[in-house]
Amino acid sequence: MYGDGDAGEEELHILLSPVSSDDFRPHGLGENVGSTALWTAFSPDEETFSSEFAYGYKAKDTEDEIVRAANDAMETLSKAIAPGAFLVNQIPILRFVPEWFPGAGFKKTARIWAPLYDAMIDVPFNFAVEQLTAGTAEDSFTSKWLLRNLSGEDKDILKHGAGAMFGAGGETTAIALYTFFLQMCLNPDVQKRGQAEVDRIVGRERLPTCEDRENMPYIEALAQEILRWHIVVPTGLPHSTTQDDVHDGFFIPKGSIVLANIWKMSRDPHVYKNPEVFNPDRFLGPEPEQDPRDYVYGFGRRVCPGRHLANTTLFITLAMCLSVFDIAPIEEDGQVILPQYKPKSGTVSHLEEFKCRITPRIDEEKLAHLLQE
C-alpha cells in the first residue's frame, strides 16, 4: 500500500507514538469525552466516539454520512479478515481469475466492498484537509500532522492511519466502554471504590484530566481489568509466517496463517488468580499480575500502533464517567434486573445489548457546565 511496507509501518507507529498521543491530551481527550462516552454507550454507531479526535469532525447523529461510512467499512472488513473466509487469501494466484469464473465470487464481493473502505478513509480525511485550508479546522490528530511538511507518501500513511484510528479505534474503545458499564452494574463495590479515588484526587469542582493519571492507581487497574475481562479481538489479527519455523516441537511451514489465542491468555490460571472473577486489585500491590496491555493489542510489527492512545482514552473516559455518573442495573416491578455478560463471536467480539440506569452524581446544571469547559 505504501511502497516499502516496513518503512510505512514505521512511519505509522511514529505518528501514533506515546509522544504524539500526549500532544493531544488537552484537546482530543479533555473537552468532550464525558458526554461523548455517554452517547457512545447508548449508540450502536461506535465510530461517533473517535471522529472528533481523528478529524475534528463532530458527527451530527447516528445517521451521519461519515459515521455510516465507517460502520459499513468496519462490518465488511471484519468479515474480510476472518481466517478462511476467502480462498484467495490462501491461494493468491486466484486473484487473476476473471469474475465470471466459477468460484470467483470473491471478486464481485471485493468490487462492492472496496468503495466502502475508500469512503471511510477518504471522506473524513478530505473534510479535515478542506477545513484546514479554509482556516476553520478543529484541533485533531489529522490537522496536527497536516500542518507539518509531509511528503506525498507520508500523507498517504497519515490518511490510512487516521482511518484506522477512526474505524477500528472507535469500535474497540466503545466495546471496552460497554464492558465498563456492564461491570459497574455487576460490581457496585468496584464502582464506589473508583468514585472515591476520583473524588479524593479531583474533587467535585472539575473533571479529571490526563495529568491526574499517575495519582489514580485504582482507575488504572480498573482499565486493565476491563481490557483483560473482555477481549475485543479474541484471536488477534491473522499473521503469516515468513519462513519455516518450529515451535514446541511443531513444524510450522512458511506461509502458514498463525492466530494467537489472546482470550486464553487472559484466562490462564497460572497467570491470573481466579481469572473468571472481575478484580482490579490483581494489578495492584507489590506483586501485580501480568498487565493485559502486553498482549491484547497484538504482537511484533503488527502490534496496534494506536495502543498508547487507546490506553489514555480508556483511562480518562472511565475517570470522567465515575466522576459524574452513578451506574446501576434497571429495576422492573421493584425487582433489580442484573445485566448478563453475553459476548458475541466474531473477529471483533461485541457484547449483546443490555440495559442499565445512569444518573448524574451532581446537579445537572453544574454537570452541563463542567462538560462544556
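For the sequence shown, the numbering used here assigns the number 6 to the initial residue and increments by one for each residue that follows.
Cβ atoms here follow ideal geometry from the backbone N, Cα and C, with glycine treated the same way.
Residue from P334, V237, R233 and F255 with nearest C-alpha to N284: Here residue 284 is taken as the residue at index 279 of the sequence shown, counted from 1. With distances taken between Cα atoms, N284 lies closest to R233.
Closest by C-alpha distance to P120, when choosing among A74, H165, G157 and G110: To locate residue 120, count along the sequence shown from 1; it is residue 115. Of the listed residues, the one whose Cα sits closest to P120 is A74.
Inter-residue Cα distance where the pair is Q345 and F359: The count along the sequence shown starts at 1 and reaches residue 345 at position 340. The count along the sequence shown starts at 1 and reaches residue 359 at position 354. Going by C-alpha positions, Q345 is about 7 Å away from F359.
Cα-Cα separation between H374 and G208, rounded to whole angstroms: By one-based count along the sequence shown, residue 374 stands at place 369. By one-based count along the sequence shown, residue 208 stands at place 203. For H374 and G208, the distance between alpha carbons rounds to 15 Å.
C309 to G166 span [Cα, whole Å]: Numbered from 1 along the sequence shown, position 304 holds the residue referred to as residue 309. Numbered from 1 along the sequence shown, position 161 holds the residue referred to as residue 166. Looking at the backbone, the Cα of C309 and that of G166 are separated by about 11 Å.
Three-state secondary structure assigned by DSSP to R366: Residue 366 sits at position 361 when you count from the first residue of the sequence shown. Looking at R366 - three-state DSSP - the assignment turns out to be coil, as it is neither helix nor strand.
Span of the beta strand (DSSP E) around A333: By 1-based counting over the sequence shown, the position of residue 333 is 328. That run of the beta strand (DSSP E) goes F330 to A333.
Neighbourhood of R366 by C-beta distance below 7 Å, restricted to the same chain and skipping five residues each side: Locating residue 366 in the sequence shown gives position 361, where the first residue counts as 1. Within the same chain, R366 has close Cβ partners V329, F330 and D331.
Cross-strand partners of D250 (DSSP beta bridge): As a position in the sequence shown, residue 250 is number 245, starting the count at 1. In DSSP, D250 forms a bridge with I257.
Exposure label - A4; buried when at least 16 CB within 10 Å: The shown model of the chain, from 6 to 378, leaves out residue 4, and the question about it has no answer.
Length of the line joining the Cα atoms of V341 and C190: The residue you call residue 341 lines up with position 336 of the sequence shown. The residue you call residue 190 lines up with position 185 of the sequence shown. Straight-line spacing of the CA atoms in V341 and C190 works out to 10 Å.
Cβ-based burial, E357 [other Cβ within 10 Å; buried from 16]: Position 352 of the sequence shown holds residue 357. Exposed.
DSSP state of F359 mapped onto helix, strand, coil: Stepping through the sequence shown from its first residue, residue 359 is reached at position 354. Here F359 carries a coil assignment [DSSP, helix/strand/coil].
A228 vs F320 beta-carbon contact at 7 Å: The residue labelled residue 228 in the question sits at position 223 within the sequence shown. The residue labelled residue 320 in the question sits at position 315 within the sequence shown. Yes, the Cβ-Cβ distance between A228 and F320 is below 7 Å.
Spatially closest choice to I206 from E337, D194, Q196 and E219, by CA coordinates: In the sequence shown, the residue the question calls residue 206 occupies position 201. Nearest of E337, D194, Q196 and E219 to I206, Cα basis: E219.
Residue interval of the beta strand (DSSP E) (run including I71): As a working note, residue 71 is residue 66 in the sequence shown. Bounds of any beta strand (DSSP E) do not take in I71; it lies within the alpha helix (DSSP H) bounded by E70 to A85.
C-alpha gap between V195 and R287, whole angstroms: As a working note, residue 195 is residue 190 in the sequence shown. As a working note, residue 287 is residue 282 in the sequence shown. Distance between the alpha carbons of V195 and R287 is about 13 Å.
C361 versus S354 - alpha carbon distance: Residue mapping note: residue 361 aligns to position 356 of the sequence shown, counting from 1. Residue mapping note: residue 354 aligns to position 349 of the sequence shown, counting from 1. Rounded to the nearest angstrom, the two C-alpha atoms are 20 Å apart.
Of the residues V72, T364 and Y60, the one placed nearest V134, counting alpha carbons only: One-based indexing of the sequence shown puts residue 134 at position 129. Among V72, T364 and Y60, the Cα nearest to that of V134 is on Y60.
For P348, the residue or residues it bridges with in DSSP: Counted from its first residue, the sequence shown places residue 348 at position 343. Answer is L356.
CA-to-CA distance, E292 to Y223, given in whole angstroms: What you label residue 223 is simply residue 218 of the sequence shown in a count that begins at 1. What you label residue 292 is simply residue 287 of the sequence shown in a count that begins at 1. Approximately 15 Å between the Cα atoms of the pair.
CB contact flag (P213, A324, <7 Å): Here residue 213 is taken as the residue at index 208 of the sequence shown, counted from 1. Here residue 324 is taken as the residue at index 319 of the sequence shown, counted from 1. Yes, Cβ-Cβ distance for P213 and A324 is below 7 Å.
Reference F185, options K371, L372, E369 and I363, closest by Cα: Along the sequence shown, one-based indexing puts residue 185 at 180. Checked all of K371, L372, E369 and I363; the closest Cα to F185 is I363.
Whether M125 touches A78 by CB criterion (7 Å): If you number the sequence shown from 1, residue 125 lands on position 120. If you number the sequence shown from 1, residue 78 lands on position 73. For M125 and A78, yes; Cβs fall inside 7 Å.
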